[in-house]
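Heads up: the sequence shown begins at 44 in my numbering, then just goes up one per residue.
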Amino acid sequence: MARVCDLTGKRPRVGNNVSHANNKTKRKFYPNLQKKRFYIPEEDAWVTLKVSTSAIRTISKNGISAVLKKAVEQGYILY
44 MARVCDLTGK
54 RPRVGNNVSH
64 ANNKTKRKFY
74 PNLQKKRFYI
84 PEEDAWVTLK
94 VSTSAIRTIS
104 KNGISAVLKK
114 AVEQGYILY
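Here is the structure:
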């Protein structure tokens, strides 16, 4: 299963572990993804999405309908 946020498109980033001796080894920074159910009143349906915690905060602020609409416009969700 891909580690990608359904609404924001956040994915793992690549970086380095840096030791005290300044040795660098590759590593990944993973987004903080949670599986969460959301109720969409317009469709009278529950939807399960894998979203980042920042996306959950955005949904709390703006509402699920507005966030879904924006995700469709940006191409993260295909209807």
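Using N, Cα and C, we set each Cβ at its ideal position, and we do this for glycine too.
Beta-bridge partners of Leu92, as assigned by DSSP
Looking at the DSSP assignment, Leu92 forms a beta bridge with Lys79.
Inter-stretch contact (C-beta, 8 Å, three-pair minimum) for the region 64-72 and the region 91-104:
No, the region 64-72 does not touch the region 91-104.
By Cβ distance below 7 Å, which residues in the same chain neighbour Ala114 in space, the five residues on each side in sequence not counted?
Cβ neighbours of Ala114 beyond the five flanking positions: Leu50 and Ile120.
What three-state label does DSSP hand Val57 in the structure shown?
Three-state result, Val57: strand.
Report the rounded CA-to-CA distance for Leu92 versus Lys112, giving the unit in angstroms.
One C-alpha to the other measures close to 14 Å.
Under three-state DSSP, which class holds Thr51?
Thr51 carries a coil assignment under DSSP once its states are collapsed to helix, strand and coil.
Suppose you measure from the CA of Glu116 to the CA of Asn59; what does that come to, to the nearest Å?
Rounded to the nearest whole angstrom, the C-alpha separation of Glu116 and Asn59 is 34 Å.
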